[in-house]
Every structure is written in C-alpha cells, then in structure tokens.
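Numbering (this note's numbering), first residue to last: 1 to 138.
Notes for the one structure printed next.
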C-alpha cells in the first residue's frame, strides 16, 4: 500500500525543477529522450543558465532547440514543473482555492483556473476510459 504524504513532504520531495522533471519523465508525462529533425539525439539544456529547460541538438551547425513541453500534456502550460507537481498533489487533496494557489504556489488566479480545468479534463478522461460500476444488482 502506498504511503500518504503531507503537502510538506511533497514540497521536500520535489526540491527543485530537475527533481520534478525526472519524476514526470519517469511517469511518461515528459519525454525521456528526443531526436532532432537532423536525426541526432538531443539533450536537456538550460540547467546552468537559469533558462527554462529545453531539448537541444549539439550537432555542429544544427543547435536546434525544442521546449520540454512540446508534444506532451504540458504543452500550452507555462508553470515550472515543480509548481505543477505541487499543484497536482494539492488538487488531489482539494487544496486548490485561488487563495491557496496564489499564496502557497505563487500562481496567478488565471493560471490556477487553467490548471484546475486541465486536471478536471484529465480526471474526466480517466473515468471515461475506466468506468466505475455502481449500483449493481446481484
């Protein structure tokens, strides 16, 4: 049985952006690897410079870059991955009032509303793919 964590424990577990990215890669939400249009493997860049993480081709004369979010569920969302992980946990515990998202997660009210909508869509899709049978007569 999986252990239940507190919000504090989740905050400690997702201590930085790299931890959150690795978590989402492990769950298959983010790509673990990508190939450039030129055929070469890409690597994650932006760790040292403080820029947003992205896939980058290091082949000479190419240097193409692609957002980590491109082609994933995160495409269109701009929050950092750590905030996304914390929000998802908070949403699962119904801690996502606009005030909570603003004060504890640093999200704007518009961003919080967008994330809540996205999470409802994921939950609805999961229920459609895995319907629950209730009220079965024996």
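We treat Cβ as the ideally placed atom computed from N, Cα and C, and that holds for glycine.
The three-state secondary structure of residue 66, taken from DSSP, is strand. DSSP places residue 115 in the helix class (H, G or I) of the three-state scheme. Using a Cβ-Cβ distance cut-off of 8 angstroms, the region 112-123 and the region 35-50 are not in contact, since fewer than three pairs of beta carbons, one from each stretch, lie closer than that value.
Residue 38 carries a coil assignment under DSSP once its states are collapsed to helix, strand and coil.
Per DSSP, residue 101 is not a residue of any beta strand (DSSP E); the alpha helix (DSSP H) it occupies stretches across 98-105. Membership of residue 73 in any alpha helix (DSSP H) is not indicated, and neither H nor E is assigned to it by DSSP.
When only Cα atoms are considered, residue 132 and residue 121 end up about 17 angstroms apart. Taking C-beta atoms as the reference points, residue 105 and residue 128 fail to come closer than 8 angstroms. Residue pairing by DSSP places residue 45 opposite 54 in a beta bridge.
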